[in-house]
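So the structure is just underneath, and the comments pick up after that.
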Amino acid sequence: MTDASTTPSAALVPILVSGFDKDLDGLGTAARATYDQQYHKSEFAHMGVPAPELRKLVRGLYKEIGGRRAGHDDVTALAAALWDTDVYERRLAAVFLLAQGVRLLVAGDLQDITLMLRDAPMWSLVDPLAGDVAGKVALRDREGTGRTLDLWADDGDFWLRRASLLALIPGIREGHPDLVRFTRYADPMVEEREFFVRKAIGWVLREIAYKDSTWVAAWVAARLDRLSGVTFREAVRRLPEDTATRLTAEYKAAGAGRGSGRAVARAAT
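Numbering follows this note's numbering, with no gaps: position 115 of the sequence shown is 116.
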């Protein structure tokens with residue numbers, strides 16, 4: 002991500018961050034902070050600020066750097082400054098800001114997003130980074146981002162493997178699903194021990210099913226003896242009722258998906 006000291010608005014960045022921190026102070030509660038930290042099993046400091054309030058603050062920051070007139074480096078420098086902390090809300094604000102200015106991001110920015118993913122071991126940071134940021138860049142430049150997503154899919158860090166799957170969702174929702182890439186990623190992962198990866202496979206299948214339930218049904222049917230319960234349940238959730246009922250009966254008959262106890266560990270982990 003761009004270093005704040007190299008941008009035209011470098012002097013403004015610390016002022017904006019300081020003002021943002023002051024605004025945050027009055028929005029959270031100690032009770033919510035404690036709950037959030039325990040819920041996420043988080044190592045970060047939490048301020049207990051609700052996400053809608055945080056998004057509102059980020060929209061204000063985006064306007065202050067120019068809004069629709071903001072440049073690439075304005076967005077990435079401010080996001081980098083927000084991220085450089087152990088405060089959860091600041092990091093989430095950085096993600097929201099990148100999502101707000103995602104039209105400015107390019108394939109090369111995924112290198113910095115990779116570092117953020119490695120430094121964000123929780124779904125509430127990984128998921129929007131993957132879906133709302135990386136995935137939308139990938140939708141515009143599939144060729145330029147493909148190698149990075151491939152590396153994520155084979156990474157020893159299960160959060161990056163999850164991100165490789167969720168980054169495919171924007172393309173699916175826009176009617177441009179990369180089904181070949183999804184299968185290439187998901188097939189080696191279906192028997193993973195990591196719940197967050199197996200859940201993500203199911204989510205992607207559920208998204209595909211909105212527009213191509215036939216493809217999803219065939220994909221699931223070919224893997225009934227390998228899918229975990231969480232993957233299967235998500236995958237059939239949006240299938241036609243008769244199809245879901247048939248597959249469920251076949252799945253039970255196959256004796257598959259009895260939780261993560263069946264799942265094999267990846268050599269990388």
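Quick reminder that beta carbons are idealized off the backbone N, C-alpha and C, glycines included.
Residue environment, residue i, which counts as buried when at least 16 other CB atoms sit within 10 Å
i, result
"residue 19", "exposed"
"residue 46", "exposed"
"residue 193", "buried"
"residue 40", "exposed"
"residue 253", "exposed"
"residue 116", "exposed"
"residue 77", "buried"
"residue 164", "buried"
"residue 16", "exposed"
"residue 109", "exposed"
"residue 189", "exposed"
"residue 176", "exposed"
"residue 186", "buried"
"residue 26", "exposed"
"residue 128", "buried"
Counterpart residues of residue i in DSSP-defined beta bridges
i, result
"residue 88", "46"
For residue i, the three-state DSSP class (helix, strand or coil)
i, result
"residue 64", "helix"
"residue 107", "coil"
"residue 264", "Low local confidence applies: a pLDDT of 41 at residue 264 is under 50, so the model's placement there is unreliable, and no value is given."
"residue 73", "helix"
"residue 7", "For residue 7, the predicted structure reports a pLDDT of 45, less than 50, and the residue's modelled location is therefore unreliable. A value from the coordinates is still provided. Correct three-state label for residue 7: helix."
"residue 132", "helix"
"residue 186", "helix"
"residue 137", "helix"
"residue 51", "coil"
"residue 240", "coil"
"residue 194", "coil"
"residue 251", "helix"
"residue 225", "coil"
"residue 171", "helix"
"residue 41", "helix"
"residue 57", "helix"
"residue 155", "coil"
"residue 28", "coil"
"residue 178", "coil"
Cα-Cα separation, residue i to residue j
i, j, result
"residue 100", "residue 255", "42 Å"
"residue 71", "residue 21", "18 Å"
"residue 74", "residue 130", "18 Å"
"residue 122", "residue 62", "25 Å"
"residue 90", "residue 231", "29 Å"
"residue 107", "residue 125", "23 Å"
"residue 251", "residue 218", "12 Å"
"residue 261", "residue 170", "Below a pLDDT of 50, predicted positions are generally treated as unreliable, and residue 261, at 42, falls in that range; no measurement from the model is reported."
"residue 244", "residue 138", "34 Å"
"residue 144", "residue 44", "36 Å"
"residue 65", "residue 51", "22 Å"
"residue 141", "residue 28", "36 Å"
"residue 202", "residue 14", "38 Å"
Contact test: residue i Cβ vs the ligand NAD heavy atom, cutoff 7 Å
i, result
"residue 43", "For the structure depicted, the ligand NAD is absent and the ligand set is empty, with no information on it obtainable."
| said: Does the structure place the region 215-224 close enough to the region 152-163 that three or more beta carbon pairs sit under 8 Å? | reply: As far as the Cβ criterion goes, the region 152-163 does not touch the region 215-224, which means the pair count is below three.
| said: Any contact between the region 138-150 and the region 60-71? By contact I mean 3 or more CB pairs, one from each, below 8 Å. | reply: No, the region 138-150 is not in contact with the region 60-71.
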